[in-house]
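K.L.:
The structure under discussion is supplied below as C-alpha cells; questions concerning it will follow.
Residue numbers (my numbering): 7 to 178.
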C-alpha cells in the first residue's frame, strides 16, 4: 500500500498524463516507438514509491524531458533542491566557470574536469542528460550543466576538480 504522500504523487503523474494526452500537439513528431502511456505508467509507480520529494521531482523531470519539448519543464518546490555556488558554461566539449559566489574562491574560466572523480562529460551524461529535453548537442549539454548546478540533491557531497586558467588543479 502507498502512503498518503505516495498516493498524491502518483495522482500528480496521472494528472500530467491526462493533460498532456489531451493537449500536447507534439506526439506526431515523436519517434514511432515513443509510448507516452508506458512512460507515464512507469512514472506513476515510481512516483508513488518515491521516498523523498527530491526523487519525485526527478521522476517528473524525466517524464517532461521525454516529450523533447524545451518548453515543457518541471520546477521543484522551494527547498527540494540545492544549487551550487557557481555557474558553468558548456563550451567546445568542456565545462567552464562563468560566475562564483563570494564564498567559493575559484578563478573564472576554470574548467570543471571531474565530478566525484569521474570525467565531467561522462558524469553529466549518466546523471543529467536523461532529464533534459533539448535535442541539439551543445544546447542539450548546457541544459544538463544547468540542471546539475541548480537542481542537486540537498545534503549530497560532491568532489569537484577544476583546472584553473593558469594550469593549477584544485578540488572543492
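Where a beta carbon is used, it is the ideal one built from N, C-alpha and C, also for glycine.
Looking at the unbroken alpha helix (DSSP H) that takes in residue 19, where does it start and where does it end?
P.N.:
10-29
K.L.:
If you drop the 5 nearest sequence neighbours on each side, which residues of the same chain put their C-beta closer than 6 Å to that of residue 80?
P.N.:
When the five nearest sequence neighbours on each side are left out, the beta carbons in the same chain lying within less than 6 Å of the beta carbon of residue 80 are those of 66, 67 and 70, in order along the chain.
K.L.:
Using the Cβ count rule (16 or more neighbours within 10 Å means buried), how would you classify residue 141?
P.N.:
exposed
K.L.:
Enumerate in chain order the residues of its own chain whose CB-to-CB distance from residue 156 is below 6 Å, with the five nearest sequence positions on each side excluded.
P.N.:
89
K.L.:
Quick one: give me the first and last residue of the alpha helix (DSSP H) that residue 54 is part of.
P.N.:
42-55
K.L.:
Return yes when the Cβ of residue 169 is within less than 8 Å of the Cβ of residue 117, no when it is not.
P.N.:
yes
K.L.:
Using the C-alpha atoms, what's the distance from residue 166 back to residue 19?
P.N.:
34 Å
K.L.:
Can residue 15 and residue 56 be called in contact, C-beta distance under 8 Å?
P.N.:
yes
K.L.:
Relative to the alpha-carbon of residue 43, which residue among 59, 61 and 21 has its alpha-carbon at the smallest distance?
P.N.:
21
K.L.:
Looking at the structure shown, is residue 62 part of a helix, part of a strand, or coil, going by DSSP?
P.N.:
helix
K.L.:
Would you call residue 129 buried or exposed, if buried means 16 or more other Cβ atoms sit within 10 Å of its Cβ?
P.N.:
Under this definition residue 129 is a buried residue.
K.L.:
Suppose contacts are defined by Cβ-Cβ distances below 8 Å. Is residue 115 in contact with residue 105 by that definition?
P.N.:
no
K.L.:
Can the beta-carbon of residue 138 be found closer than 8 Å to that of residue 127?
P.N.:
Not in contact: residue 138 and residue 127 (Cβ atoms no closer than 8 Å).
K.L.:
Pick helix, strand or coil for residue 135, following the three-state DSSP scheme.
P.N.:
In the structure shown, residue 135 sits in a helix (DSSP, three-state: H, G or I).
K.L.:
Exposed or buried, what is residue 54 when buried is set at 16 or more other beta-carbons lying within 10 Å of its beta-carbon?
P.N.:
buried
K.L.:
For residue 61, which of 37, 87 and 41 has the nearest alpha-carbon?
P.N.:
87
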